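**Student:**
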Amino acid sequence: MSTCEIVKDAELDKISCLPGHVIDQILSYLPIKEAMRTSVLSSEWSNKWYTLPNLVFDVRCVSAAASQDPSVINDKFLSIVDHVLLLHNGPINKFEINDYYCNLVGLSQMTDIDRWILHLIGRCCAGKASYTLYQSKISLLMHKL
Numbered sequence: 001m002s003t004c005e006i007v008k009d010a011e012l013d014k015i016s017c018l019p020g021h022v023i024d025q026i027l028s029y030l031p032i033k034e035a036m037r038t039s040v041l042s043s044e045w046s047n048k049w050y051t052l053p054n055l056v057f058d059v060r061c062v063s064a065a066a067s068q069d070p071s072v073i074n075d076k077f078l079s080i081v082d083h084v085l086l087l088h089n090g091p092i093n094k095f096e097i098n099d100y101y102c103n104l105v106g107l108s109q110m111t112d113i114d115r116w117i118l119h120l121i122g123r124c125c126a127g128k129a130s131y132t133l134y135q136s137k138i139s140l141l142m143h144k145l
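For the sequence shown, the UniProt record's numbering assigns the number 1 to the initial residue and increments by one for each residue that follows.
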């Protein structure tokens, strides 16, 4: 018996029966950290966030309770982005790092952003990658070869 049949009988969870692209669209409205948390809902949801096509990293990625120390916040932010990119499986249409991170770190740490962009290019992800750097939006269009 499929999960959707069980769900129809129990009338508990209608969202799990939606097509994958619809679930991806719903999850894309959540902050990436919250989308990752949906993995605890059920075994079927454990890998849903791995295929989100739009990855937007902003101030909501790092818990305010974590620390007020900029170096701790920076390390946590780097860890989250690295973790998501490591586990992500699927096309990435949008990759955005907003000015929260760029204002938090100096230009000496921009190698992290360079590494993330190289990762996207290496995976031949078609789409738009963008990040805001000191109020200037920089966009890269990537095409599969």
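For every residue, glycine included, the Cβ atom is placed at its ideal position computed from N, Cα and C.
Computed from a predicted model, the values in this text were never measured in an experiment.
Only counting the same chain, and skipping five residues up and downstream in sequence, which positions put a Cβ closer than 6 Å to that of residue 192?
**Tutor:** Because the chain is modelled from 1 through 145, residue 192 falls outside the range shown and cannot be assessed.
**Student:** Just the Cα atoms here: how many angstroms apart are N47 and V22?
**Tutor:** Approximately 15 Å, taken between the alpha carbons.
**Student:** What three-state label does DSSP hand V62 in the structure shown?
**Tutor:** Reduced to three states, the DSSP call for V62 is coil.
**Student:** Quick check for students: name the residue ranges of the alpha helix (DSSP H) that lie wholly in the region 22-48, counting only runs of 4 or more.
**Tutor:** List check, alpha helix (DSSP H) in window: 32-37.
**Student:** Do the region 87-96 and the region 38-57 meet, that is, are 3 or more Cβ pairs less than 8 Å apart?
**Tutor:** Touching, per the Cβ criterion.
**Student:** On a Cα-Cα basis, can you pick out the residue from L86, I97, R37 that is closest to N74?
**Tutor:** If we check each option's Cα against that of N74, I97 comes out closest.
**Student:** Taking only three categories from DSSP, how would you classify I97?
**Tutor:** Reduced to three states, the DSSP call for I97 is strand.
**Student:** Between W45 and the rest of its own chain, which residues show a CB-CB distance below 7 Å, the 5 nearest in sequence each way excluded?
**Tutor:** Taken in chain order, the residues that qualify are T38, S39.
**Student:** Going by CA-CA distance only, name the one from L87, H88, V59, K14 that's closest to F77.
**Tutor:** Per the Cα distances, V59.
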